[in-house]
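Under the working numbering, read the sequence shown as residues 803 to 939, first letter to last. For reference, the structure is listed below as structure tokens.
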Amino acid sequence: NLLPTSEFLNILESRAPGSLVRAFDPLFMFGALGKSVFLIIKLSSFENAFAGMLLWEESMAQDIGPLFATATFLRDLTPEAVFTDLTDRNKDARVLSIGGQNVLLYSFFDNNMLIITDNIETLRTIIDRLTRQKLSR
803 NLLPTSEFLN ILESRAPGSL VRAFDPLFMF GALGKSVFLI IKLSSFENAF AGMLLWEESM
863 AQDIGPLFAT ATFLRDLTPE AVFTDLTDRN KDARVLSIGG QNVLLYSFFD NNMLIITDNI
923 ETLRTIIDRL TRQKLSR
């Protein structure tokens, strides 16, 4: 049996807003690319996911940060550390940086998919692969 996204977040004792969890499709992928870790979550409601992610930013690092390769940097997380906007290769993302080190990033690939990772190169690779897959269909 596959573990639904909502149950995964429940096991992690995530404080993600209920509207966000409901905006997630049950299907998600948790994987690694080299030393970097990523989550790809399908969406059932982009509008609720977008607003929910902005709300979840306050606790996301504590909720899911330990899953990522940058977890050691999260020990130095201060209340002043906040997500900021980033545009990379014409793709908007939100990034949490500590001491100049990106520790958590997320971006909407499209209105149906959210990518959360700990490395900008991993985000680029996933976006490139998803774009190629989409174009080959």
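Note that beta-carbon positions come from the ideal geometry of N, C-alpha and C, so glycine has one too.
Using a Cβ-Cβ cutoff of less than 8 Å, which residues in the same chain neighbour residue i once the five nearest sequence positions on both sides are dropped?
i: residue 819; result: 854, 857, 858
I need the boundaries of the alpha helix (DSSP H) containing residue i, first residue and last residue.
i: residue 865; result: 848-866
i: residue 808; result: 807-813
i: residue 821; result: 820-825
I'd like the list of long-range same chain contacts for residue i, defined as Cβ closer than 7 Å, with 5 residues on each side in sequence excluded.
i: residue 835; result: 924, 927
i: residue 873; result: 867
i: residue 900; result: 875, 878, 879, 883
i: residue 941; result: A query on residue 941 cannot be resolved here, the shown segment of the chain reaching from 803 to 939 and no further.
Quick check: the Cα distance between residue i and residue j, rounded to an integer number of angstroms?
i: residue 884; j: residue 805; result: 30 Å
i: residue 905; j: residue 827; result: 25 Å
i: residue 861; j: residue 881; result: 10 Å
i: residue 807; j: residue 918; result: 13 Å
i: residue 871; j: residue 809; result: 22 Å
i: residue 829; j: residue 937; result: 22 Å
i: residue 821; j: residue 897; result: 22 Å
i: residue 903; j: residue 935; result: 30 Å
Just curious, the beta strand (DSSP E) that residue i is in, first and last residue?
i: residue 920; result: It is not in any beta strand (DSSP E) - residue 920 carries neither H nor E in the DSSP assignment.
i: residue 904; result: 903-912
i: residue 896; result: 893-900
i: residue 838; result: 838-845
Check whether the Cβ atoms of residue i and residue j sit closer than 8 Å, and answer yes or no.
i: residue 879; j: residue 895; result: no
i: residue 865; j: residue 909; result: no
i: residue 814; j: residue 823; result: no
Can you list, in chain order, the residues of its chain whose CB lies under 6 Å from that of residue i, leaving out five sequence neighbours each side?
i: residue 831; result: 842
i: residue 932; result: 911
i: residue 921; result: 838
Any beta-carbon of chain B closer than 8 Å to the one on residue i?
i: residue 878; result: Going by chain labels, chain B is absent from the structure shown, which holds only one protein chain.
**Q.** Sufficient close CB pairs (3 or more, under 8 Å) joining the region 835-850 to the region 874-893
**A.** no
Q. Would you call the region 840-847 and the region 908-916 in contact, with 3 or more CB pairs under 8 Å?
A. yes
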